[in-house]
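Some notes on the structure that comes next.
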Amino acid sequence: MTDLLETPTGSRPVRRAVVTGGAGFLGSHLCTELRRRGVEVVALDNLLTGNAGNVAHLADDPGFRLVHCDVTDYVHVPGDVDLVLHFASPASPVDYLKLPIHTLKVGSIGTNHALGLAMEKGARFLLASTSEVYGDPQVHPQLESYWGHVNPVGPRGVYDEAKRYAEALTMAYRQTHGVDTAIVRIFNTFGPRMRPHDGRAIPTFIRQALAGEPVTVAGDGQQTRSVCFVSDLVRGILGLAASGHPGPMNIGNPHELSVLQIARDVIEATGSSSGIRFIGRPVDDPMVRRPDTTLATEVLGWAPEVAWEVGLARTVAWFRDAVDVDVDGVGEQATVEGVDVGVR
Ligand code: NAD
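Going by the numbering used here, the sequence shown opens with residue 1307, and the numbers climb by one from there.
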């Protein structure tokens, strides 16, 4: 076996990986990068918020397989598995507010099943957690040692608490069953394959600007986000997978922008004549968000490389090309010829 996952600080032999949520935004980029590095990939996805079109470019690749499966039902993968990347979960507020119970189930039962797979196979397990475990943080920037400020009974609680439970379950499997686990806390990430209607700020702004519609900024737009281009995130996640570190580890770009600045930059990058319209802020919308990435730098030698302007230009270019691709809406069941969907 060759050492297919490498970082500046180490490498790990991985021949076959399972990616839950592999047809989603992040999952599809992970599958693509794993295949580029020669790792065989089985993607498990029920296409609830993802789209088989996201992995259509891998359809003819014999080292890739997309299996239609709901990880809250069961997870079964025949053969050896060296790495389980658990990414299945609605992730945008529009999705998890429409799917509150499913979001809690995939974070709890789905995580239990994915951990069970890793235990059965003796595989390393990596949980996609989120900066949302910090809630509306009272510490800035956010360090992994911060426990967060989450409202469990607010509308966002279904996502935040599902991920906090998933982290606790991951640690319990590590301590009780000796599973080799890792937790990554992902901060806002953007890039090609985001859905224009997924409700997150950047795809919404790009869609509105390209359509010449007003760009809708919540509140006064002074709340901040730190946005990471997807290729930087994928490199960090595979770096953590290759290391022996348990996390939790923040991966995100510490470059902090106000939401109003993001809107202005999107308008400029699209060359749009759209204006800005201020709308009400969602309940429990975090005021600030910036990762402290010291741990990722020390352990993995990781730092983001793609500047905001560069990532934004690439994302806008993708949205221009994808305008007639209907990739919006929860519950869409896209199928692509040659992709193994509907197989259980
Ligand atoms: P996404 O909605 O594009 O992808 C999630 C995927 O999971 C979809 O393909 C969906 O169909 C699938 N899925 C949902 N429920 C499932 C189930 N029960 N069984 C099988 N598949 C299921 O979202 P994303 O942005 O790619 O996020 C992926 C993961 O990363 C999520 O766990 C999310 O919480 C985490 N994350 C993402 C971000 C971000 O900025 N994108 C930030 C923090 C954390």
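Ideal Cβ positions, reconstructed from N, Cα and C, are used throughout, including at glycine. As the structure is a prediction and not an experimental result, all values here were calculated from the model.
To the nearest whole angstrom, what separates the beta carbons of residue i and residue j, a pair I think is in contact under 8 Å?
i, j, result
"N1505", "S1398", "In the sequence as presented, Asn is not what sits at residue 1505; that position holds Gly. About 5 Å; that satisfies the 8 Å criterion."
"Y1479", "M1425", "7 Å"
"R1343", "D1367", "Rounded, the Cβ-Cβ distance is 13 Å, inconsistent with contact."
"N1360", "R1462", "That pair is no contact at about 25 Å."
"D1622", "A1569", "Rather than Asp, the amino acid found at residue 1622 in this sequence is Val. With a Cβ gap of about 13 Å, V1622 and A1569 do not count as contacting."
"L1354", "P1396", "7 Å"
"V1373", "A1349", "7 Å"
"D1466", "V1439", "6 Å"
"L1601", "D1571", "Not quite, the Cβ-Cβ distance comes to about 29 Å (not below 8 Å), so this is no contact."
"G1525", "S1578", "In fact, because the Cβ distance is near 22 Å, the residues do not count as touching under 8 Å."
Would residue i and residue j qualify as a contact pair, given that the criterion is a beta-carbon distance under 8 Å?
i, j, result
"A1488", "A1547", "yes"
"P1268", "V1347", "Residue 1268 falls outside the range modelled here, since the chain spans only 1307 to 1650, and no answer is possible."
"A1429", "T1326", "no"
"G1460", "D1590", "yes"
"I1512", "I1557", "no"
"A1468", "L1410", "yes"
"L1581", "P1509", "Before going further, note that residue 1581 is Gly rather than Leu in the sequence given. Not closer than 8 Å, so no."
"F1535", "G1497", "yes"
"V1345", "R1318", "no"
"P1560", "R1596", "yes"
"L1606", "S1532", "no"
"L1566", "V1616", "no"
"D1351", "G1328", "yes"
"Q1529", "S1564", "yes"
"L1423", "V1381", "yes"
"E1339", "V1490", "no"
"R1626", "L1475", "no"
"V1377", "G1416", "yes"
"W1608", "G1542", "yes"
"D1538", "E1450", "no"
"E1473", "S1435", "yes"
"V1324", "V1412", "no"
"L1544", "L1332", "no"
"D1598", "P1458", "no"
"G1356", "G1330", "yes"
What would DSSP say about residue i, mapped onto helix, strand or coil?
i, result
"G1333", "helix"
"I1573", "helix"
"V1324", "strand"
"E1562", "strand"
"F1652", "Only positions 1307 to 1650 of the chain appear in this structure, which leaves residue 1652 out of reach."
"A1619", "helix"
"V1400", "helix"
"S1532", "strand"
"V1647", "Low confidence applies here, because V1647 scores a pLDDT of 31, under 50, leaving its location unreliable; read the following figure in that light. V1647: coil per DSSP, three-state reduction."
"D1538", "helix"
"T1355", "coil"
"A1609", "coil"
"D1627", "helix"
"G1545", "helix"
"A1365", "coil"
"T1378", "coil"
Who does residue i pair with in a DSSP beta bridge?
i, result
"N1556", "R1491"
"V1303", "One cannot answer for residue 1303 here, as it falls past the ends of the chain, which runs 1307 to 1650."
"V1584", "Sequence check: residue 1584 is Phe here, not Val. DSSP, once it has assigned bridges, lists V1523 as partnering F1584."
"P1597", "Q1448"
Would you mind listing the alpha helix (DSSP H) stretches within the region 1480-1516 that are 4+ residues and don't spill past its ends, in chain order? 1507-1516
What runs of the beta strand (DSSP E), each 3 residues or longer, lie entirely inside the region 1405-1478? 1430-1436
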